[in-house]
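Trainee: In this text, residue positions in the sequence shown follow my numbering: the first is 1, and each later residue adds one. Cβ coordinates follow ideal geometry from the N, Cα and C atoms, glycine included. None of these values were measured; they are calculated from a predicted model. Right, I'll just put the structure down here and ask away after.
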Amino acid sequence: MKQIEKILTGINYLITNTVELDLEIKVGYARVSSREQAVNSHALDQQIQRLKDSGAYLIIVDVQTGKKDNRPGLIKLMQLVKENQIAEVIITRLDRLGRSVPLIRKNILVFQETGINLRVLDQLIDLKTAQGMFMINLLASLAEMEVDQLSERVKHGKQHRRNQHAVCECVPFGYKAEKLRYQLDQTPFLCLLLERPNNYADMYHEEDIDKLPGLRSAQLARDCIDIFFKTKGVSRACREICNKYGIQHTHSKKNGNDKIFHWSPQGLRRWLTNPVLRGHTVYNKRIKTSTGQRKNVDPKDWQIIYDTHPNDRLISDEEATEIENILEFNSSRCGAFLYNYDSSKPDGYGEFAYQRGLVYCAECNCKCITKTYGGKIRYHYYACRHASQGCKNRKATRKDAIEKALISHLLQQSFVLQARALHTNSPSPELPTKSSKLTKLEARLAKLEEIPDFDPELEALKQKTLREIQEEINPFSTNAIDTKTVEEIIQAGNNLFIWYTLTHDDKVAIYSRLVEKITVRNGYVESIILNTSR
Numbered sequence: 001m002k003q004i005e006k007i008l009t010g011i012n013y014l015i016t017n018t019v020e021l022d023l024e025i026k027v028g029y030a031r032v033s034s035r036e037q038a039v040n041s042h043a044l045d046q047q048i049q050r051l052k053d054s055g056a057y058l059i060i061v062d063v064q065t066g067k068k069d070n071r072p073g074l075i076k077l078m079q080l081v082k083e084n085q086i087a088e089v090i091i092t093r094l095d096r097l098g099r100s101v102p103l104i105r106k107n108i109l110v111f112q113e114t115g116i117n118l119r120v121l122d123q124l125i126d127l128k129t130a131q132g133m134f135m136i137n138l139l140a141s142l143a144e145m146e147v148d149q150l151s152e153r154v155k156h157g158k159q160h161r162r163n164q165h166a167v168c169e170c171v172p173f174g175y176k177a178e179k180l181r182y183q184l185d186q187t188p189f190l191c192l193l194l195e196r197p198n199n200y201a202d203m204y205h206e207e208d209i210d211k212l213p214g215l216r217s218a219q220l221a222r223d224c225i226d227i228f229f230k231t232k233g234v235s236r237a238c239r240e241i242c243n244k245y246g247i248q249h250t251h252s253k254k255n256g257n258d259k260i261f262h263w264s265p266q267g268l269r270r271w272l273t274n275p276v277l278r279g280h281t282v283y284n285k286r287i288k289t290s291t292g293q294r295k296n297v298d299p300k301d302w303q304i305i306y307d308t309h310p311n312d313r314l315i316s317d318e319e320a321t322e323i324e325n326i327l328e329f330n331s332s333r334c335g336a337f338l339y340n341y342d343s344s345k346p347d348g349y350g351e352f353a354y355q356r357g358l359v360y361c362a363e364c365n366c367k368c369i370t371k372t373y374g375g376k377i378r379y380h381y382y383a384c385r386h387a388s389q390g391c392k393n394r395k396a397t398r399k400d401a402i403e404k405a406l407i408s409h410l411l412q413q414s415f416v417l418q419a420r421a422l423h424t425n426s427p428s429p430e431l432p433t434k435s436s437k438l439t440k441l442e443a444r445l446a447k448l449e450e451i452p453d454f455d456p457e458l459e460a461l462k463q464k465t466l467r468e469i470q471e472e473i474n475p476f477s478t479n480a481i482d483t484k485t486v487e488e489i490i491q492a493g494n495n496l497f498i499w500y501t502l503t504h505d506d507k508v509a510i511y512s513r514l515v516e517k518i519t520v521r522n523g524y525v526e527s528i529i530l531n532t533s534r
C-alpha cells in the first residue's frame, strides 16, 4: 500500500478502509467536470459515498472535463492498473472514465490486457462477456454524442450573443457587463492605508458602496495603464504595481471574472492589447482544439465589432498605437541598459536604448554588442561580437559618438529635403488632422478662459492645460509622429536644438521609426540607413 501511496503523490485521493489493505485492493474513481460542481453541489460527495458503500478502499478524485485524457487522477489510476497493483476499479458511470469513444476504448483495452476487473455501478457491466463489451461501446458512443450536442448548444448560444454584439463571458478587468454591453466598473475595489479616512470604522456597516472611499475598478485599471506608460515595459509595470499596492503572489485564475487584483507580465500584455479597452467588442480570441485545449488566435483573425461602447474607453486610439510601439520595440531589443533605473529621472528607457538592434559591424555585417568601460565615469560602447574571432573591426565605438553622428546626418538630410521641396516647388504638406486629445484640451482651455474670476488654482489649471496643448502640437510628440511620414519627421527637425532636447523616451519613439541600420568601423560611424520607405 505504501508503494501505491507513493504513486498517488500529487493528486487528490482518500483512504476509506485500512483493515484489508493488504488483501485485494479495490480502487474507486470519482470525477466532476468543474470546481463549482465539487464545491457548490453534492455530485462529488454522492459519488464518493456510493464508491465507499460498494467496497472501495481507496478513492481517486479528478475535477476536470471528461474530454481530456491528461487528468492527473486518471493517469495515476491507469498506472496502477498497468502495474497490476490493484484488483478492481469501481466507477459510478462509464462516462466518469471519459466522454470520447477512443479514450474509453483505450482504457478498456488496458483492463482487458491486465485482467483487472472494471465495475460500473449504474450499467452493471462485465468486461468478460461480449454483451458487456457491446454495452461499453454503446454507452461510450452515447456519452460522446451528449458532449457533441452540448457543444452545439453552446456554439449556438455564443453565435446568438455575437449577432447581438453582446459582451463575452469573460469581462476584462476594469469593466462589467451591463445590458449586454461593456461598461466601466465604478464599484469601489481598493483603498490604500495611506488614503484611509479617520472615521473608517464608522463605515463598517455602510450598505451604500458608492459612499465608501477608495479607488474604483475603472480608476485602478487606468492607473495600471499610466504605470505602463511610465515604466515602458510589462515586467517593470508589474513590479511597480505590486510595490504600489502591496500585491503578493497569488494563484488566481487567468480570466478577469475572479475579481482578484493580480498581474503577470503575460497577462498585463494581453490586457493592454485587448480591443475592449479601446471601446470595441472582440470575439474569436481563442479556440478549442480537437484535444480540448485552448489555443490563442492570431490578432489579425480576431472578429472585432468597433465602437460598441465609445463612452466607456480606457485607452484612446493614440495610446493604443503607443502601446503597440512600446511592446514591439521591447520584444526586439531586450537586454542590459534598455531601461532607466534611476528613480530621479522621469524617463522609462535608458539613455541609448534606441540604439539597441540598430548598430552593425561594417566589416562582417553582424549586430554589435554593448560594452561598458571606466570607473566613476563610465563610457558605453558598441563593439563587433566577432572582434576576437578574426573580424578586423577591433576598435569599439562610443554610443555618444554614434548619437552625434546620427543627429548630424538627420540635420543634413533635413536641409536636403527642404531644398528639394523648394526646388520642385512642391506644395507644403497639409496640416495633420487634430487628435481627439488636442480637441478636448482646446475645448477645456476655452471654457477656462470664459471664467472671469481670478483664482490661483484656476490659473494653474490653465497653465497646465496650455502645456499639454503645446506638448500635443509638438512636431515630435507621439501623436504627431504617428500622422507623419519619415521624410516629414526629418524635415521638421531642421535645427540642432530639437534633436538635443529629446528625452530618452522620445528618442526611442522617433529614432526607431527613422533609422533602419547604423554601421560602425574602428570607432567611427561609417553609414546610416534611414527608413525612407515608410
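(1) Once DSSP output is grouped into helix, strand and coil, what is the label at Ala177?
(2) Are the CB atoms of Ala405 and Ala396 nearer to each other than 8 Å?
(3) Quick check: the Cα distance between Lys106 and Gly267, rounded to an integer number of angstroms?
(4) Touch check for the stretch 173 to 185 and the stretch 137 to 144: three-plus C-beta pairs under 8 Å?
(5) DSSP on Gln293, reduced to helix/strand/coil?
(6) My parser needs the beta strand (DSSP E) runs of 3 or more residues fully inside the stretch 113 to 160; what are they?
(7) Hey, would you say Ile326 sits closer than 8 Å to Gln355, going by beta carbons?
(8) Measuring straight from C-alpha to C-alpha, what distance separates Leu272 and Leu51?
(9) Taking the alpha carbon of Tyr379 as the reference point, which residue from Cys364, Thr370, His386 and Ala387 has its own alpha carbon closest?
(10) If Ile247 sits next to Ala237, beta carbons under 8 Å apart, how far is it from one beta carbon to the other, in whole angstroms?
(11) Can you tell me where the alpha helix (DSSP H) holding Ser512 begins and where it ends?
(12) Quick one: what's got a C-beta closer than 6 Å to Asn255's C-beta in the same chain, skipping five residues either side?
(13) Specify, as a first and last residue, the run of the alpha helix (DSSP H) that Ile529 falls within.
(14) So what's Asn199 in DSSP terms, helix, strand or just coil?
(15) Do the CB positions of Thr308 and Tyr182 come within less than 8 Å of each other?
(16) Evaluate Thr92 with the Cβ neighbour count: other Cβ atoms within 10 Å of its Cβ, from every protein chain shown; 16 or more gives buried, anything less gives exposed.
(17) If the criterion is Cβ atoms closer than 8 Å, does the pair Val61 and Gly73 meet it?
(18) Quick one: using the 10 Å Cβ neighbour count with 16 as the cut-off for buried, is Tyr524 buried or exposed?
(19) Unbroken alpha helix (DSSP H) runs of length 4 or more, entirely within the stretch 368 to 456: which are they?
(20) Given 8 Å as the limit, is there contact between the stretch 187 to 194 and the stretch 213 to 221, that is, 3 or more CB pairs closer than that?
(21) Where Arg153 and Arg467 are concerned, what is the direct C-alpha to C-alpha distance, given to the nearest angstrom?
(22) DSSP three-state label for Thr281, please.
(23) To the nearest angstrom, how far is the alpha carbon of Arg161 from that of Glu178?
(24) Once the 5 residues before and after Lys392 are set aside, which same chain residues still bring their CB inside 6 Å of it?
(25) Output the boundary residues of the alpha helix (DSSP H) element that contains Asp223.
(26) Bridge partners for Gly28 per DSSP, in chain order?
(27) I'd like to check one pair, Ile225 with Ile304: are the Cβ atoms closer than 8 Å?
(28) Exposed or buried, which one is Met203 when buried takes at least 16 other CB atoms within 10 Å?
Mentor: Inspection of the coordinates gives the following:
(1) Residue 177 sits at position 177 when you count from the first residue of the sequence shown. The three-state reading of DSSP puts Ala177 in strand, counting E and B together.
(2) Position 405 of the sequence shown, counted from the start, is the residue given in the question as residue 405. Position 396 of the sequence shown, counted from the start, is the residue given in the question as residue 396. Their beta carbons are not under 8 Å apart, which means Ala405 does not touch Ala396 by this criterion.
(3) What you label residue 106 is simply residue 106 of the sequence shown in a count that begins at 1. What you label residue 267 is simply residue 267 of the sequence shown in a count that begins at 1. Each residue's alpha carbon lies about 37 Å from the other.
(4) No: fewer than three Cβ pairs fall under 8 Å.
(5) Looking up residue 293 in the sequence shown gives position 293. DSSP, read as helix, strand or coil, puts Gln293 in coil.
(6) Within the stretch 113 to 160, the complete beta strand (DSSP E) runs of at least 3 residues are 117 to 120.
(7) Position 326 of the sequence shown holds residue 326. Position 355 of the sequence shown holds residue 355. At least 8 Å separates the beta-carbon of Ile326 from that of Gln355.
(8) On the sequence shown, residue 272 is found 272 positions in, with the first residue counted as 1. On the sequence shown, residue 51 is found 51 positions in, with the first residue counted as 1. So the alpha carbons of these two residues sit roughly 48 Å apart.
(9) Stepping through the sequence shown from its first residue, residue 379 is reached at position 379. Tyr379 has its Cα closest to that of Thr370, out of Cys364, Thr370, His386 and Ala387.
(10) The sequence position of residue 247 within the sequence shown is 247, counting from 1. The sequence position of residue 237 within the sequence shown is 237, counting from 1. Not confirmed; about 12 Å, so no contact.
(11) Counting from one through the sequence shown, the residue named residue 512 turns up at place 512. In this chain, the alpha helix (DSSP H) harbouring Ser512 covers His504 to Leu514.
(12) As a position in the sequence shown, residue 255 is number 255, starting the count at 1. Residue confidence is low: Asn255 scores 46 on pLDDT, short of 50, so the model does not pin down where it sits. Its coordinate-derived value is still stated next. Only Cys170 meet the Cβ criterion.
(13) Translated into the one-based positions of the sequence shown, residue 529 becomes position 529. Run containing Ile529: none in the alpha helix (DSSP H); it sits in the beta strand (DSSP E), Tyr524 to Leu530.
(14) Position 199 of the sequence shown, counted from the first residue, corresponds to residue 199. Correct three-state label for Asn199: coil.
(15) Within the sequence shown, numbered from 1, the residue matching residue 308 stands at position 308. Within the sequence shown, numbered from 1, the residue matching residue 182 stands at position 182. In contact: Thr308 and Tyr182 (Cβ atoms closer than 8 Å).
(16) Taking the sequence shown and counting its residues from 1, the one referred to as residue 92 is at position 92. By the 10 Å Cβ count, Thr92 comes out buried.
(17) Reading the sequence shown from its first residue, position 61 is the one you call residue 61. Reading the sequence shown from its first residue, position 73 is the one you call residue 73. In this structure, Val61 places its C-beta atom within 8 Å of the C-beta atom of Gly73.
(18) On the sequence shown, residue 524 is found 524 positions in, with the first residue counted as 1. Exposed, since its Cβ has fewer than 16 Cβ neighbours within 10 Å.
(19) As summarised for the stretch 368 to 456, the continuous alpha helix (DSSP H) elements at least 4 residues long and confined to that stretch are 399 to 423 and 436 to 449, given in chain order.
(20) With a cut-off of 8 Å, the stretch 213 to 221 and the stretch 187 to 194 count as touching, because enough Cβ pairs lie within range.
(21) Here residue 153 refers to the residue found at position 153 of the sequence shown. Here residue 467 refers to the residue found at position 467 of the sequence shown. Going from the Cα of Arg153 to the Cα of Arg467 covers about 56 Å.
(22) Working through the sequence shown from its first residue, we reach residue 281 at position 281. In the structure shown, Thr281 adopts extended strand secondary structure according to DSSP, grouped into three states.
(23) Indexing the sequence shown from 1 puts residue 161 at position 161. Indexing the sequence shown from 1 puts residue 178 at position 178. Cα to Cα, Arg161 sits roughly 14 Å from Glu178.
(24) The sequence position of residue 392 within the sequence shown is 392, counting from 1. Once the five neighbours on either side are set aside, the close Cβ partners of Lys392 are Glu363.
(25) Translated into positions along the sequence shown, residue 223 becomes position 223. Ser217 to Thr231 is the extent of the alpha helix (DSSP H) around Asp223.
(26) Numbered from its first residue, the sequence shown carries residue 28 at position 28. Ile59 and Ile90, per the DSSP bridge assignment.
(27) Sequence index remark: in the sequence shown, residue 304 carries index 304 (1-based). Sequence index remark: in the sequence shown, residue 225 carries index 225 (1-based). Not closer than 8 Å, so no.
(28) Indexing the sequence shown from 1 puts residue 203 at position 203. Its Cβ having fewer than 16 others within 10 Å, Met203 is exposed.
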